Each structure stands twice: as structure tokens, then as C-alpha cells.
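The opening residue of the sequence shown carries number 40 in the working numbering; numbering runs sequentially from there.
Glycine residues also receive a C-beta, built at the ideal position from the N, C-alpha and C atoms.
Given the structure is predicted, the values throughout are model-derived calculations rather than measurements.
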Amino acid sequence: MAAYILFGLCVFVTLLMGIGTAGLIWIVLDIYESFFRKKPVQKQTKESVSMDTMNLTSQIQGAINDMIAFRVAKMLLPYSSTEKRYDLRTIDKDVQKIAEEVFKGINPMVYNMNLFFTKEYLMEYIVNATSSYLIKTVTEFNKNI
């Protein structure tokens with residue numbers, strides 16, 4: 040009798056293990072299917088930058104460069120009339136002053152347009168362009184005096 044009970048218990052445990060294994064396999068297959076199932080692709084529309092926008096941005100950069108050149112020439116005018124050398128120790132203050140004047144001189148509508156660059160990048164561009172142009176111009180100016 041004990042042999043039948045032991046046999047029944049073994050069959051029962053085997054069935055439980057089989058059901059558990061089948062359940063585990065079912066869970067693994069479900070996870071596998073959900074992970075690798077082709078999900079519907081949602082179409083996302085991205086705003087592309089048109090050639091007109093890029094050309095307009097390039098024209099604005101050109102206007103900024105012209106404004107910088109004008110401000111630098113205006114700043115160096117008193118030095119050229121007195122034939123004094125420009126003091127390079129004040130270049131950082133002059134870069135800041137010119138960059139702020141140029142940035143304020145741009146119509147705020149330009150910032151709100153859907154351009155190729157942001158308002159923050161525009162200010163960074165102005166500072167970098169002013170710095171490089173002023174250093175180049177002042178170096179040449181001081182050599183000629």
C-alpha cells in the first residue's frame with residue numbers, strides 16, 4: 040500500500056512539475072512574443088529645415104558679421120585718430136559690450152522665427168564671432184601703428 044501512495048505521490052509531483060514547467064514555458068513565450076512582436080510604427084512628423092530657412096539663417100549670420108565689423112570699426116576710430124595703440128587688457132570688456140550691442144540690435148522677431156538656431160546659440164555665435172574678429176582686427180591695427 041505504501042508503494043501505491045509513494046507512486047501516486049511521484050506521479051502527482053511529476054504532474055505538478057510538468058504543469059509548472061508548462062506554465063513557465065508559457066510565460067517565457069509570452070514575454071518573448073511581446074518583446075519581438077512587430078509593434079505598429081507610429082508615424083512621427085518631424086519639421087524639416089527647408090533650404091529657405093537655411094538661406095535666411097545664413098543671411099542673418101552675414102548681417103550679424105557686418106554689425107560686428109561696424110561696431111569694431113566704431114570702437115577703434117578714436118584710437119586711429121590719435122594714433123594710440125589699443126590696450127589688449129580691455130578686450131574682454133569690449134567683446135562683451137559689442138556682443139550685447141549687436142544682440143540688442145537684432146529685431147526680437149528674428150528670435151521667434153523658426154530658424155536653424157536658437158536664441159541662446161545666436162548669442163553664443165555673436166560672442167565668438169565678435170571675439171575672433173576683434174582680436175584679428177586689433178592685432179592688425181596695433182601692428183600698423
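field: With 16 other Cβ atoms within 10 Å as the buried cut-off, status of LEU161
entry: That one is buried.
message: Using the Cβ count rule (16 or more neighbours within 10 Å means buried), how would you classify ASP91?
response: By the C-beta density criterion, ASP91 is exposed, having fewer than 16 other C-beta atoms within 10 angstroms.
Contact between the stretch 103–122 and the stretch 131–143 (3+ Cβ pairs under 8 Å): Counting C-beta pairs closer than 8 Å gives three or more between the stretch 103–122 and the stretch 131–143, which meets the contact rule.
query: Going by the beta-carbon positions, is the gap between VAL111 and ILE145 smaller than 8 Å?
result: Against a cut-off of 8 Å, the Cβ pair of ILE145 and VAL111 comes out as no contact.
field: Nonlocal neighbours in the same chain, by C-beta distance under 6 Å from VAL177, ignoring five residues either side
entry: Hits under 6 Å: TYR125.
message: Please report the distance separating the alpha-carbon of THR169 from that of MET152.
response: Taking the straight line joining both Cα atoms gives about 23 Å.
message: On the DSSP letters alone, give me the boundaries of the alpha helix (DSSP H) that THR121 sits inside.
response: Per DSSP, THR121 is one residue of the alpha helix (DSSP H) stretching across 90–121.
field: Buried versus exposed call for ILE165 [16 or more other C-beta atoms within 10 Å across all chains shown]
entry: Result: buried.
message: Please classify ILE107 as buried or exposed, where buried requires at least 16 other C-beta atoms within 10 Å of its C-beta.
response: ILE107 is buried by the Cβ-count criterion.
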